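Residue numbers (this note's numbering), protein chains in the order written: chain A, 1 to 498; chain B, 1001 to 1254.
The block underneath contains the structure these notes are about, expressed in structure tokens.
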Ligand SMILES: Nc1ncnc2c1ncn2[C@@H]1O[C@H](COP(=O)(O)OP(=O)(O)O)[C@@H](O)[C@H]1O
Ligand SMILES: [Mg+2]
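Below you can see the structure in the form of structure tokens.
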């Protein structure tokens, strides 16, 4: 057991030094008074210059939230959250209204530079490896929306997207500029009454991204949002709404980081996706919120609700997630397969190290005829972490010909961590065909020795085995981000053996 | 100076002594065979030389070109030129063989302060060696040893031996699980790597392998010790008379 023991020891040493994004940006910010009340909700709505209907929507959610209880069914443990001890709104204090990227506080620009996110409209050329046998990408463009604490600070390539008819803007702007679309779809996938955290989000969300792709349009570039929590004691409650109209296609990626702090910070986001007839949405997440230190102190509570509605026939929604951060992850990106022949996919890599707790998975709700879904989940647990896959696949009475394939694989590094698989399956008609496979394996002493005998360090050996394990899912990410995600995976486990 | 010098090596596993004072000297260019019945400690010896964790060395030393090998991590030993061809090579799902080879190769070069080889150059090199060993190209695209036959696994070991150009090769039961044709291919691969700068320690239970890989020196191991050493004719002698005589020799020595 010596090598594994050594690995485990090194896993234990993982500490804040390994988290590269833990710096803080010193800027002036404007906050709502601490705590949550109708006044807080009104404050946010006023700050955002919202129309009356939006305020009403929020207040209704707030009143509903007061009657709800925090869910306790997930396999996660944390001290009771004091919802009055959180700031619900923080915004970098603008000197004046911004009209271009150049007017953004240089400190914030620097922050995004450190994070490697281009806020200027640059074409990404570097650091991109073409896929095996693929064309080298000459000029790939990625439009970025950057959300700093509670507000969007920059959206790039707006003009070019507008020409294609694609609307990509902060949701706060969309509420003012495209109220008819927002009104029609906001809360139509995740209702304000959905669950404790989603309802909280509905009351206090301050920004997020909005995407509308018109009929028949293939979005000309990757859309991407980077979320950054900077302020202390501040919750981040972003709300994302993406609508792919008939026959359209969009690929969207979100990335997240936060400074390292001893207190836990709450992140309760809601993402709603709507795919109409023949439309496709590909939604990818690289989540790297601060995970806490080696003693389990600090880190983000990532309690998010993500759901896609395949509302039209032949529509498709695909979720891909690489989850490496957060102290606690509570997250189940799901698909409602309403349209006939619609398809839902969930590809997930969830890594837990140190004291992290992950309870994540998906729901595939088959309502339409001949709907199909596919779930590929890869959980990696190291340190003293707990990693749970929780999934639900159901077929409605009328969902004849529903098909699901689920494969859940868990990899354990060391013997102080745990991996758990909790699949629920419910078929209300006899023609549904659901398949489920699950494996749990360990990086064995023998594999480590084999690799080290061939000249790899322990750390490189673990990295290699892990990359082999997650490969199927990494391939689902847009190319640019697959490279980034692979690096992130080795970094998050680098602490585990080095 | 000898390439490998093992002096009075004592090794314990789980508080049980397995090697009770083993000595062995191997010079550059020599081929040594170690023969002995199952359980005599042959694999244990190979593991300790390569640095597998879990073994406690309670006495003696292992010098490699005069340096204390026991102080080094397994990957350092590999970079110094120690190669162990495993009796049971492991499978590593999802890790493409070619990628594994390149990562390992460059890790060794880096450890020696040499520049890394770029992908096209390396690919060419691997393809050449693979062709010589009759390894089909598609094997290199599969997961390391995943779904390989016994013969393919052994050939993959020899492929790595050829690529990494180690100065000490330890082959643990290379013949186990191979039919006669597979054995011949593997042995030819090994023979092609014989060179004045390279020593080999060929561990085997059966004399059969030594018809193909002709050793300079044969050692007989029994119960954790080398009980007899001689020329290549010792192997034939063993084939005729069996190991029983040496078990008694080991007992009286203990
Ligand atoms: N990991 C281990 N734990 C306990 N005993 C072991 C272990 N490995 C080997 N042994 C014991 O050491 C002795 C020598 O084994 P081994 O080196 O595999 O012999 P050989 O390769 O000559 O067949 C055997 O008695 C075996 O049971
Ligand atoms: Mg053996």
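Beta carbons are placed, not taken as given, at the ideal position from N, Cα and C, and that holds for glycine.
Values in this document were obtained by computation on a predicted structure and should not be read as measured data.
Which term fits residue i, buried or exposed, when burial requires 16 or more other beta carbons within 10 angstroms of its beta carbon?
i, result
"residue 433 (chain A)", "exposed"
"residue 463 (chain A)", "buried"
"residue 66 (chain A)", "exposed"
"residue 475 (chain A)", "exposed"
"residue 330 (chain A)", "buried"
"residue 1155 (chain B)", "buried"
"residue 486 (chain A)", "buried"
"residue 492 (chain A)", "buried"
"residue 252 (chain A)", "buried"
"residue 508 (chain A)", "With chain A running from 1 to 498 in the structure shown, residue 508 (chain A) is simply not present."
"residue 323 (chain A)", "buried"
"residue 1098 (chain B)", "buried"
"residue 381 (chain A)", "buried"
"residue 385 (chain A)", "buried"
Hey, how far is the Cα of residue i from the Cα of residue j?
i, j, result
"residue 181 (chain A)", "residue 84 (chain A)", "33 Å"
"residue 129 (chain A)", "residue 375 (chain A)", "Below a pLDDT of 50, predicted positions are generally treated as unreliable, and residue 129 (chain A), at 35, falls in that range; the measurement from the model is reported next regardless. The alpha-carbon atoms of residue 129 (chain A) and residue 375 (chain A) are separated by roughly 27 Å."
"residue 43 (chain A)", "residue 192 (chain A)", "19 Å"
"residue 266 (chain A)", "residue 1111 (chain B)", "44 Å"
"residue 419 (chain A)", "residue 358 (chain A)", "9 Å"
"residue 189 (chain A)", "residue 342 (chain A)", "16 Å"
"residue 41 (chain A)", "residue 236 (chain A)", "14 Å"
"residue 448 (chain A)", "residue 1246 (chain B)", "36 Å"
"residue 388 (chain A)", "residue 412 (chain A)", "12 Å"
"residue 225 (chain A)", "residue 169 (chain A)", "10 Å"
"residue 1072 (chain B)", "residue 1051 (chain B)", "8 Å"
"residue 1003 (chain B)", "residue 297 (chain A)", "52 Å"
"residue 1133 (chain B)", "residue 1092 (chain B)", "22 Å"
"residue 1222 (chain B)", "residue 1085 (chain B)", "22 Å"
"residue 1231 (chain B)", "residue 1217 (chain B)", "5 Å"
"residue 1170 (chain B)", "residue 350 (chain A)", "40 Å"
"residue 1022 (chain B)", "residue 469 (chain A)", "41 Å"
"residue 308 (chain A)", "residue 1164 (chain B)", "51 Å"
"residue 321 (chain A)", "residue 1209 (chain B)", "52 Å"
"residue 125 (chain A)", "residue 1061 (chain B)", "Reliability of the predicted coordinates at residue 125 (chain A) is poor, the pLDDT of 32 falling under 50, and no value is obtained from them."
"residue 73 (chain A)", "residue 344 (chain A)", "25 Å"
"residue 1137 (chain B)", "residue 1152 (chain B)", "12 Å"
"residue 402 (chain A)", "residue 478 (chain A)", "28 Å"
"residue 1043 (chain B)", "residue 366 (chain A)", "56 Å"
"residue 1241 (chain B)", "residue 1119 (chain B)", "52 Å"
"residue 961 (chain B)", "residue 452 (chain A)", "No statement about residue 961 (chain B) is possible, as the shown extent of chain B runs from 1001 to 1254 and does not include it."
"residue 1160 (chain B)", "residue 1224 (chain B)", "29 Å"
"residue 221 (chain A)", "residue 1100 (chain B)", "34 Å"
"residue 1063 (chain B)", "residue 1038 (chain B)", "26 Å"
Can you find a heavy atom of ligand 2 that lies under 6 Å from the Cβ of residue i?
i, result
"residue 318 (chain A)", "no"
"residue 1257 (chain B)", "Here chain B has residues from 1001 to 1254 only, and residue 1257 (chain B) is not among them."
Following a CB-centred definition, is residue i positioned closer than 6 Å to any heavy atom of ligand 1?
i, result
"residue 1103 (chain B)", "no"
"residue 1015 (chain B)", "no"
"residue 468 (chain A)", "no"
"residue 1177 (chain B)", "no"
"residue 1044 (chain B)", "yes"
"residue 1279 (chain B)", "For chain B, the structure presents residues 1001 to 1254; residue 1279 (chain B) sits outside this window and is missing."
"residue 957 (chain B)", "With chain B running from 1001 to 1254 in the structure shown, residue 957 (chain B) is simply not present."
"residue 1031 (chain B)", "no"
"residue 1018 (chain B)", "yes"
Spell out the partners DSSP gives residue i in its beta bridges.
i, result
"residue 302 (chain A)", "A:267 and A:329"
"residue 388 (chain A)", "A:359 and A:420"
"residue 291 (chain A)", "None; residue 291 (chain A) has no bridge partner."
"residue 335 (chain A)", "A:308 and A:364"
"residue 431 (chain A)", "Bridge partners of residue 431 (chain A): none, in fact."
"residue 451 (chain A)", "DSSP, once it has assigned bridges, lists no residue as partnering residue 451 (chain A)."
"residue 319 (chain A)", "A:283 and A:346"
"residue 243 (chain A)", "A:212 and A:274"
"residue 415 (chain A)", "Answer is none; residue 415 (chain A) lacks a bridge partner."
"residue 1182 (chain B)", "Answer is none; residue 1182 (chain B) lacks a bridge partner."
"residue 1068 (chain B)", "B:1063"
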